[in-house]
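Enquirer: Quick note: the sequence shown, position 209, residue 215 per our numbering, numbers continuous.
Cβ atoms here follow ideal geometry from the backbone N, Cα and C, with glycine treated the same way.
The structure presented is a predicted model; accordingly, all values stated were derived computationally and were not measured.
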Amino acid sequence: MADRTIDTQARHGGRYKWVALSNTTLGVLMSALDGSIVIISLPAIFRGIGLDPLAPANIGYLLWMILGYLLVSAVLVVTLGRLGDMFGRVRMYNVGFVIFSVASVALSFDPFRAGGGALWLIGWRVVQAVGGAMLTANSAAILTDAFPREQRGTALGVNQITALAGQFLGLVAGGLLAELDWRAVFWVSVPFGILGTVWSIRSLREVSKPQRSRIDWGGNVTFALGTAVILASITYGIQPYGGAATGWGNPWVLGGLGAGIALLAGFCVIETRVPSPMFQLSLFRIRAFTAGNLAALLTAIARGGMQFMLIIWLQGIWLPLHGYDYEQTPLWAGIYLLPLTAGFLIAGPVSGFLSDRFGARLFSTGGLLLVAGSFLGLLALPVDFSYPAFALLLVLSGIGQGMFSAPNTSAIMSSVPDNQRGVASGMRATFQNSGTSLSIGVFFSLMIAGLAGSLPTTLTGGLRAHGVPADVAANLAQLPPVSTLFAAFLGSNPVQHLVGPGVLGQLAPADSAALTGKEFFPTLISGPFHDGLVTVFVAAAAMALVAALASVSRGKRYFHQDPVSPS
Numbered sequence: 007m008a009d010r011t012i013d014t015q016a017r018h019g020g021r022y023k024w025v026a027l028s029n030t031t032l033g034v035l036m037s038a039l040d041g042s043i044v045i046i047s048l049p050a051i052f053r054g055i056g057l058d059p060l061a062p063a064n065i066g067y068l069l070w071m072i073l074g075y076l077l078v079s080a081v082l083v084v085t086l087g088r089l090g091d092m093f094g095r096v097r098m099y100n101v102g103f104v105i106f107s108v109a110s111v112a113l114s115f116d117p118f119r120a121g122g123g124a125l126w127l128i129g130w131r132v133v134q135a136v137g138g139a140m141l142t143a144n145s146a147a148i149l150t151d152a153f154p155r156e157q158r159g160t161a162l163g164v165n166q167i168t169a170l171a172g173q174f175l176g177l178v179a180g181g182l183l184a185e186l187d188w189r190a191v192f193w194v195s196v197p198f199g200i201l202g203t204v205w206s207i208r209s210l211r212e213v214s215k216p217q218r219s220r221i222d223w224g225g226n227v228t229f230a231l232g233t234a235v236i237l238a239s240i241t242y243g244i245q246p247y248g249g250a251a252t253g254w255g256n257p258w259v260l261g262g263l264g265a266g267i268a269l270l271a272g273f274c275v276i277e278t279r280v281p282s283p284m285f286q287l288s289l290f291r292i293r294a295f296t297a298g299n300l301a302a303l304l305t306a307i308a309r310g311g312m313q314f315m316l317i318i319w320l321q322g323i324w325l326p327l328h329g330y331d332y333e334q335t336p337l338w339a340g341i342y343l344l345p346l347t348a349g350f351l352i353a354g355p356v357s358g359f360l361s362d363r364f365g366a367r368l369f370s371t372g373g374l375l376l377v378a379g380s381f382l383g384l385l386a387l388p389v390d391f392s393y394p395a396f397a398l399l400l401v402l403s404g405i406g407q408g409m410f411s412a413p414n415t416s417a418i419m420s421s422v423p424d425n426q427r428g429v430a431s432g433m434r435a436t437f438q439n440s441g442t443s444l445s446i447g448v449f450f451s452l453m454i455a456g457l458a459g460s461l462p463t464t465l466t467g468g469l470r471a472h473g474v475p476a477d478v479a480a481n482l483a484q485l486p487p488v489s490t491l492f493a494a495f496l497g498s499n500p501v502q503h504l505v506g507p508g509v510l511g512q513l514a515p516a517d518s519a520a521l522t523g524k525e526f527f528p529t530l531i532s533g534p535f536h537d538g539l540v541t542v543f544v545a546a547a548a549m550a551l552v553a554a555l556a557s558v559s560r561g562k563r564y565f566h567q568d569p570v571s572p573s
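This is the structure:
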């Protein structure tokens, strides 16, 4: 029997493939859910550890609470996929569950307060991301090994849509759990992590024999450093520098981008010269692989940007305008985003099943066109929209993303040789995770640019209309737009924090009540926010259309033909 296949019966039939599907689905669900569960519960977490999230010195903590998990997931997933090819995909997957579970326990028992508490959470989120990356990098390869090619689309569709739905379920879970206790946001992963660990160790087994080779240390180091430096630089580009609204003129940001690009260029050179490269550049010769990953990268950027913008829109503007207390907006924002998750869950498995019969191109391309249309529909809505129209657009966007993701993943994984599926899975996940990380810098920068044009004048006029002294209003209007953006993102009214109790105490009671009430801040920023929203959704729609072009260029159905093992 050839080295690549250990257990043909397990791979092509029987109970094992369904065990593999159910366990890996739990794994990617937990990994994806923990990537987003913190986003919507950040206000409760910061209150719990005694930090003001709007204080300038604490913005770095806020960014890294979100970015740390995404950054590690993007940087390590290829390496971990390659290690899965070398040492066993199931073995790496099992270790990932153990690390994920231990980190979840540590996160839920943060012993520190203030900055120390934030650093504890950031550090253990990074460790948790290592475990999550092990799960993500090897799950698709385990499924591709376990299922025959005529069923891979269905299996990968269930797995992929569960992962994507987990990102939005995390928003709902974060809002619900934060109402109970901020530590519950992390407790929830512990029982599932322990269950998944025991289950995977007892039930999963290696189907493809590990391919022993040397570790490409040079490639691993240059790729990790290059990717990390670029993503971190882009993220810091959204913070103000000097008198500018953003930091794109900051020499450190520009230097970081240049250094990151140089490191990645060096990485590409190394990969062409080592006998066992971690990043199989030769896979890009396969058109279905290249087109699918390009489409996935662009879609991930657009999807990540949409996710953040919708949270800002709901928590910072729409919900307060409709009478919701700021403390409750994280919970209700998650609930009002459920139609997006429903669209995923409806379309993903169905499109995966149909793509097994008819190919990926029709469903993936059609889904991306639907996504682009939903972005343009959101652009046409007023800021104070009617919810049924908003919900319909969310459902259409979810259906479109479900139509794209499952067939696209199946096409990518089916196009590569059997012994490269681990690294191919890691490369696919890297493009997706990098897109999500890039979306923070890209879309926050676009939104800040939109706010910067009209926010100062609007803020000055609104404050002066309620009796705030001209010099105080002028100073507040010059504050970086990123502060206003983060306040909306966190579902917080920053006026009381910015104006201060001293000034508020000198105003007429009616003016003071208006400034600190539910409607003043969201009404004030509605106009500038819409200016930024136009820029953001036009960019997102353009990315979805370019992704559709990449998808349609993938060609007809393609399966890599491995040699048949002698019996």
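Taking the alpha carbon of I65 as the reference point, which residue from R208, S443, F52 and D40 has its own alpha carbon closest?
Expert: In the sequence shown, the residue the question calls residue 65 occupies position 59. Checked all of R208, S443, F52 and D40; the closest Cα to I65 is F52.
Enquirer: Once DSSP output is grouped into helix, strand and coil, what is the label at A250?
Expert: Working through the sequence shown from its first residue, we reach residue 250 at position 244. Strand.
Enquirer: Between the Cα of V204 and the Cα atoms of N29, L39 and G123, which residue gives the shortest distance?
Expert: Taking the sequence shown and counting its residues from 1, one reaches residue 204 at position 198. Of the candidates N29, L39 and G123, the one whose C-alpha sits nearest the C-alpha of V204 is N29.
Enquirer: How would you write the range of the alpha helix (DSSP H) that S107 sits in, first residue to last?
Expert: Within the sequence shown, residue 107 is the residue found at index 101, counting from 1. Run containing S107: R95 to L113, per the alpha helix (DSSP H) assignment.
Enquirer: If you draw a straight line from the C-alpha of V505 to the C-alpha of P462, how long is it?
Expert: Along the sequence shown, one-based indexing puts residue 505 at 499. Along the sequence shown, one-based indexing puts residue 462 at 456. Rounded to the nearest angstrom, the two C-alpha atoms are 15 Å apart.
Enquirer: Kindly indicate which residue of V509, Y75 and Y332 has the alpha-carbon position closest to the one of R470.
Expert: Position 464 of the sequence shown, counting from 1, holds the residue named residue 470. The candidate whose alpha carbon is nearest that of R470 is V509.
Enquirer: Excluding five sequence neighbours on each side, which residues of the same chain lie with their C-beta closer than 7 Å to the C-beta of R309?
Expert: Translated into the one-based positions of the sequence shown, residue 309 becomes position 303. If we look at R309 and ignore the five residues flanking it on each side, its Cβ neighbours are Q407.
Enquirer: Are three or more beta carbon pairs between the segment 363–376 and the segment 516–527 nearer than 8 Å?
Expert: no
Enquirer: Counting pairs of Cβ atoms below 8 Å between the segment 310–322 and the segment 438–451, do you hit three or more?
Expert: Judged by Cβ distances under 8 Å, the segment 310–322 makes contact with the segment 438–451, as three or more pairs qualify.
Enquirer: Once DSSP output is grouped into helix, strand and coil, what is the label at P117?
Expert: Residue numbering aside, residue 117 sits at position 111 when the sequence shown is read from its first letter. Note: P117 maps to coil in three-state DSSP.
Enquirer: Taking 8 Å as the threshold (C-beta atoms), are A297 and S557 in contact?
Expert: By one-based count along the sequence shown, residue 557 stands at place 551. By one-based count along the sequence shown, residue 297 stands at place 291. Yes; because the gap between Cβ atoms is below 8 Å, this pair is in contact.
Enquirer: Distance check for S411 and A302, CA to CA, integer angstroms please.
Expert: Numbered from 1 along the sequence shown, position 296 holds the residue referred to as residue 302. Numbered from 1 along the sequence shown, position 405 holds the residue referred to as residue 411. Using only the alpha carbons, I get a separation of about 8 Å.
Enquirer: Are the Cβ atoms of R168 and L35 separated by less than 8 Å?
Expert: Position 162 of the sequence shown holds residue 168. Position 29 of the sequence shown holds residue 35. Reading off the sequence, residue 168 comes out as Thr, not Arg. In contact: T168 and L35 (Cβ atoms closer than 8 Å).
Enquirer: Thinking G180 and I45 are a contact (beta carbons under 8 Å), I'd like their distance in whole angstroms, please.
Expert: Within the sequence shown, the letter at position 174 stands for residue 180. Within the sequence shown, the letter at position 39 stands for residue 45. The C-beta distance from G180 to I45 rounds to 7 Å, short enough to meet the 8 Å contact threshold.
Enquirer: Use the C-beta contact count for A271: other C-beta atoms within 10 angstroms, 16 or more gives buried, fewer gives exposed.
Expert: Translated into positions along the sequence shown, residue 271 becomes position 265. Exposed: under 16 other Cβ atoms inside 10 Å.
Enquirer: DSSP state of W188, grouped into three classes?
Expert: Reading the sequence shown from its first residue, position 182 is the one you call residue 188. Looking at W188 - three-state DSSP - the assignment turns out to be coil, as it is neither helix nor strand.
Enquirer: Once DSSP output is grouped into helix, strand and coil, what is the label at H18?
Expert: The residue you call residue 18 lines up with position 12 of the sequence shown. Caution applies to H18, whose pLDDT of 47 falls short of 50 and renders its modelled position unreliable; the model cannot decide the point.
Enquirer: Check whether the Cβ atoms of Q173 and G41 lie closer than 8 Å to each other.
Expert: Here residue 173 is taken as the residue at index 167 of the sequence shown, counted from 1. Here residue 41 is taken as the residue at index 35 of the sequence shown, counted from 1. Against a cut-off of 8 Å, the Cβ pair of G41 and Q173 comes out as a contact.
Enquirer: Run through the segment 283–348 for me and flag every whole alpha helix (DSSP H) of 4 or more residues, listed as ranges in chain order.
Expert: Counting only runs of 4+ residues, the alpha helix (DSSP H) found wholly inside the segment 283–348 occupies 293–317 and 335–342, in chain order.
Enquirer: Between L269 and V235, is the Cβ-Cβ spacing less than 8 Å?
Expert: In the sequence shown, counting from the first residue as 1, residue 269 sits at position 263. In the sequence shown, counting from the first residue as 1, residue 235 sits at position 229. Contact flag set, yes.
Enquirer: Would you call the CB atoms of M92 and M140 closer than 8 Å?
Expert: Counting from one through the sequence shown, the residue named residue 92 turns up at place 86. Counting from one through the sequence shown, the residue named residue 140 turns up at place 134. Their beta carbons are not under 8 Å apart, which means M92 does not touch M140 by this criterion.
Enquirer: Secondary structure at I221, three-state DSSP: helix, strand or coil?
Expert: Position 215 of the sequence shown holds residue 221. Three-state DSSP puts I221 in coil, outside helix and strand.
Enquirer: Roughly how many angstroms separate the alpha carbons of R279 and S37, rounded to a whole number?
Expert: Working through the sequence shown from its first residue, we reach residue 279 at position 273. Working through the sequence shown from its first residue, we reach residue 37 at position 31. Computed Cα separation, rounded: 34 Å.
Enquirer: Roughly how many angstroms lie between the CA atoms of A514 and Y330, to the nearest whole one?
Expert: Residue mapping note: residue 514 aligns to position 508 of the sequence shown, counting from 1. Residue mapping note: residue 330 aligns to position 324 of the sequence shown, counting from 1. Whole-angstrom Cα-Cα distance: 25 Å.
Enquirer: Mapping the DSSP letters down to three states, classify G611 as helix, strand or coil.
Expert: For residue 611 there is no data in the structure shown, the boundaries of the chain being 7 and 573.
Enquirer: How should L316 be labelled, buried or exposed, when 16 other C-beta atoms within 10 angstroms of its C-beta is the threshold for buried?
Expert: To locate residue 316, count along the sequence shown from 1; it is residue 310. L316 should be labelled buried.
Enquirer: Got a sec? Which residues, its chain only, sit under 8 Å from G225 by beta carbon, not counting five neighbours each side?
Expert: One-based indexing of the sequence shown puts residue 225 at position 219. Excluding residues within five positions, the ones whose Cβ falls inside 8 Å are F273, I276, E277, V280, P283, M284 and F285.
Enquirer: Does DSSP put V389 in a helix, a strand or coil?
Expert: Numbered from 1 along the sequence shown, position 383 holds the residue referred to as residue 389. Looking at V389 - three-state DSSP - the assignment turns out to be coil, as it is neither helix nor strand.
Enquirer: In the structure shown, what three-state DSSP assignment does I46 receive?
Expert: Locating residue 46 in the sequence shown gives position 40, where the first residue counts as 1. For I46, the three-state secondary structure derived from DSSP is helix.
Enquirer: Quick check on DSSP: helix, strand or coil for L35?
Expert: If you number the sequence shown from 1, residue 35 lands on position 29. L35 falls in the helix class under three-state DSSP.
Enquirer: Compute every distance between the C-beta of L141 and the non-hydrogen atoms of the ligand GTP, then say whether any falls below 7 Å.
Expert: No copy of the ligand GTP appears in this structure; indeed no ligand is present at all.
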